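Residue numbers (my numbering): 96 to 377.
From the three backbone atoms N, C-alpha and C, an ideal C-beta is built for every residue, glycine too.
All figures in this text were calculated on a predicted structure; none of them were measured in a lab.
Below is one structure; the comments refer to it alone.
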DNA sequence: CGTTCAACCTGGGCGC
DNA sequence: TGCGCCCAGGTTGAAC
């Protein structure tokens, strides 16, 4: 679910907790352990108890809380990876059933909650050096909100992959997922099946600029909420950017620009939406 | 080497 | 109604 705009909105929604102290951290049910570096709930609880939240930032599609444990000076990083259905909430969750973390915050009536229906999301904690090696510039491309055309061109001009598939690769640009990849390519007038090496510097500049524009616009409208058990803001409201989608989920509808049919195709097992007449293939 | 694919999960929607 | 199947915003590591 959450891509860059949704995770950015979550981070802004819980920004009030910056500087505050975590009283207790409970893990009421299993949270998937996707990596051996992921500390067990017991360890997480003890590190978080009494810790101060010193920063709340987004890195690609992850939300990062910088925390300083009660009896330590070193800063640790608590990393939330929502994947498909994870939410960070500061109000009561949609159901109690899928609550994965309850962090009581001093001075606040409601705790910080990580809620995840499908349970594919992860919560991990690392020190600074592990953070840099796992999530630094080698592991992640430049942020899709601010990346430039030349940066994108450098990353992809040698590649045979379809541009849509490359945009989903977090090492190329960080933050783009399946919804915004389709929307960005529509805005840049580029067919998602175009091979990367065929894209000119100018075309890469159009993609970078469309990426920045669309993601900023989506943040302004607090992300995209589609379907029922869907993305919510930290105070449990729906996002509104789905109203602005030009192609995603609009197959069998008409292109708003040219009135031809929007098409849905499958690329590496995932849906891509585009307008064959507005988006040119190079 | 670059690229693709199955697996990780739950639950809603659909056809029979 | 109910069952089985398909599908969904992401990431990873194994397989090709």
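Taking one beta carbon from each stretch, the segment 239-256 and the segment 202-217 have fewer than 3 pairs nearer than 8 Å; the two do not touch. By the criterion of a C-beta distance shorter than 8 Å, residue 338 is surrounded in its chain by 316, once the five residues flanking it on both sides are discounted. Between residue 181 and residue 148, the beta carbon gap of about 19 Å keeps them out of contact (Cβ cut-off 8 Å). Within the segment 110-191, the complete alpha helix (DSSP H) runs of at least 4 residues fall at 136-143. Assignment of beta strand (DSSP E) within the segment 289-349, counting only whole runs of 3 or more residues, yields no such run. Taking a 10 Å sphere around the C-beta of residue 104, we find 16 or more other C-beta atoms and assign the residue as buried.
Setting aside the 5 residues that flank it on each side, residue 140 is surrounded in the same chain by 119, 120, 121, 122, each with a C-beta closer than 8 Å to its C-beta; the list follows chain order.
With contacts defined by Cβ atoms closer than 8 Å, residue 108 and residue 330 form a contacting pair. Between the segment 341-349 and the segment 192-211, the count of C-beta pairs closer than 8 Å stays below three; the two stretches do not touch.
Residues of the same chain with a CB within less than 6 Å of the CB of residue 273, apart from the 5 flanking positions on each side, are 365 in chain order. By a beta-carbon distance limit of 8 Å, residue 238 does not contact residue 283. Their separation comes to about 18 Å. Between the C-alpha atoms of residue 159 and residue 310 there is a straight-line separation of about 19 Å. In the structure shown, residue 104 adopts helical secondary structure according to DSSP, grouped into three states. Within the segment 208-287, complete beta strand (DSSP E) segments of at least 3 residues are found at 217-222, given in chain order.
Annotation: residue 294 to residue 278 spans about 18 Å, alpha carbon to alpha carbon.
Per the coordinates, the alpha-carbon of residue 302 lies some 45 Å from the alpha-carbon of residue 165.
As far as DSSP is concerned, residue 374 takes part in no beta bridge.
As DSSP reads the structure, residue 199 sits in a beta bridge with 119. By the neighbour-count criterion, in which a residue is buried when 16 or more other Cβ atoms sit within 10 angstroms of its Cβ, residue 195 is buried. Remark: C-beta atoms of residue 314 and residue 280 do not approach each other more closely than 8 Å. Distance between residue 360 and residue 334, taken at the CA atoms: about 26 Å. DSSP places residue 359 inside the beta strand (DSSP E), whose first and last residues are 358-362. Just measuring C-alpha positions, the residue of 187, 243, 362 sitting nearest residue 263 is 362.
Between the alpha carbons of residue 356 and residue 312 lies a distance of about 25 Å.
With 16 or more neighbouring CB atoms inside 10 Å of its own CB, residue 98 falls in the buried class. Each residue's CA atom was taken as its position, placing residue 299 and residue 190 some 43 Å apart. The secondary-structure analysis by DSSP pairs residue 365 across a beta bridge with 362.
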